[in-house]
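Residue numbers (this note's numbering): 1401 to 1622.
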């Protein structure tokens, strides 16, 4: 998820590319990576209010005129940085059981925020989303894409007859991670493996009780 270790590959998405579209390589990719790294560093060090195009230019080695021409403004820089996070190769856990997958997913989130150093960048991105509308849209798009990848967890569980085939995969995954983010960013309580297991087990119990079941839409009149 976004909480994975904040390396240069950890950023947020704008609009997804059409199938088969390739990201630019070579000098363009290097420029984008340098800008992304500068944005990440600036967000961690100063937060969104303290970040500026001038800072990104100084730390990326890219002239600010180029930054304005290509990214438009500071929000555009943050959005593109988030876009890169959605280009990683992360896949949801596959432990062989739904219970195991949900627990592993919860632990992925908890582990990502356990170390202040690794949590700094994703925390900064989330904070920026509260202050910049386009960053908020990009963060939403990032998680929408992440939840879409997690549909495989429910698909496998359905194939194993562990869960109703009409279970809403997105709702189930949100139920696993939401308590963790609530503790991290609202009540500011610590999270650990026990809390992660509780969140996963509660979501699983709700799913088995049919809480996330979405019946098929009835067919219209012939």
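From the three backbone atoms N, C-alpha and C, an ideal C-beta is built for every residue, glycine too.
Contacts around residue i, its chain only, beta-carbon distance under 8 Å, and the 5 residues preceding and following it disregarded
{"i": "residue 1422", "result": "In this prediction, residue 1422 has a pLDDT of 37, which is less than 50 and means its spatial position is unreliable; nothing more can be read from the coordinates."}
{"i": "residue 1592", "result": "1510 and 1514"}
{"i": "residue 1441", "result": "1459"}
{"i": "residue 1616", "result": "1566"}
{"i": "residue 1638", "result": "With the chain covering 1401 to 1622 only, the question about residue 1638 has no answer from this structure."}
Own chain partners of residue i with C-beta closer than 7 Å, once the 5 adjacent residues on each side are dropped
{"i": "residue 1607", "result": "1563, 1567 and 1572"}
{"i": "residue 1395", "result": "In the structure as shown, the chain starts at 1401 and stops at 1622, and residue 1395 therefore has no counterpart that could be examined."}
{"i": "residue 1424", "result": "Reliability of the predicted coordinates at residue 1424 is poor, the pLDDT of 46 falling under 50, and the value obtained from them is presented with this limitation in mind. Counting only Cβ-Cβ distances below 7 Å, and skipping sequence neighbours, we find nothing."}
{"i": "residue 1614", "result": "1566 and 1568"}
{"i": "residue 1364", "result": "In the structure as shown, the chain begins at 1401 and stops at 1622. Residue 1364 is therefore absent and cannot be evaluated."}
Beta-carbon gap between residue i and residue j smaller than 8 Å
{"i": "residue 1475", "j": "residue 1535", "result": "yes"}
{"i": "residue 1491", "j": "residue 1549", "result": "yes"}
{"i": "residue 1580", "j": "residue 1506", "result": "yes"}
{"i": "residue 1538", "j": "residue 1482", "result": "yes"}
{"i": "residue 1512", "j": "residue 1518", "result": "yes"}
{"i": "residue 1498", "j": "residue 1557", "result": "yes"}
{"i": "residue 1575", "j": "residue 1609", "result": "no"}
{"i": "residue 1436", "j": "residue 1484", "result": "yes"}
Own chain residues within Cβ distance below 6 Å of residue i, not counting five before or after
{"i": "residue 1397", "result": "Lying outside 1401 to 1622, the shown extent of the chain, residue 1397 is not represented and no answer is given."}
{"i": "residue 1570", "result": "1547"}
{"i": "residue 1589", "result": "1583"}
{"i": "residue 1611", "result": "none"}
Residue i burial status per 10 Å Cβ neighbour count (16 or more: buried)
{"i": "residue 1488", "result": "exposed"}
{"i": "residue 1553", "result": "buried"}
{"i": "residue 1585", "result": "exposed"}
{"i": "residue 1530", "result": "exposed"}
{"i": "residue 1582", "result": "exposed"}
{"i": "residue 1494", "result": "exposed"}
{"i": "residue 1578", "result": "exposed"}
{"i": "residue 1501", "result": "buried"}
{"i": "residue 1460", "result": "buried"}
{"i": "residue 1480", "result": "buried"}
{"i": "residue 1600", "result": "buried"}
{"i": "residue 1361", "result": "Outside the shown range of the chain (1401 to 1622) lies residue 1361, about which nothing can therefore be said."}
{"i": "residue 1541", "result": "buried"}
{"i": "residue 1532", "result": "buried"}
The ligand ADP heavy atom lying under 7 Å from the CB of residue i
{"i": "residue 1519", "result": "Judged by which ligands are present, the structure shown has none, so any question about the ligand ADP falls away."}
Any chain D beta carbon closer than 8 Å to residue i
{"i": "residue 1577", "result": "The structure shown contains no chain D, having only a single protein chain."}
Problem - Three-pair Cβ contact test at 8 Å for the stretch 1470-1483 versus the stretch 1432-1452 - result: yes
Handout entry: alpha helix (DSSP H) segments (min. 4 residues) lying fully within the stretch 1415-1494
Key = 1426-1450, 1453-1460, 1464-1471 and 1474-1485
Practice task
Ignoring anything shorter than 4 residues or poking outside the stretch 1556-1621, list the alpha helix (DSSP H) runs there in chain order.
Solution key: Runs of alpha helix (DSSP H) with 4 or more residues, each lying fully within the stretch 1556-1621, are found at 1569-1585 and 1593-1608, listed in chain order.
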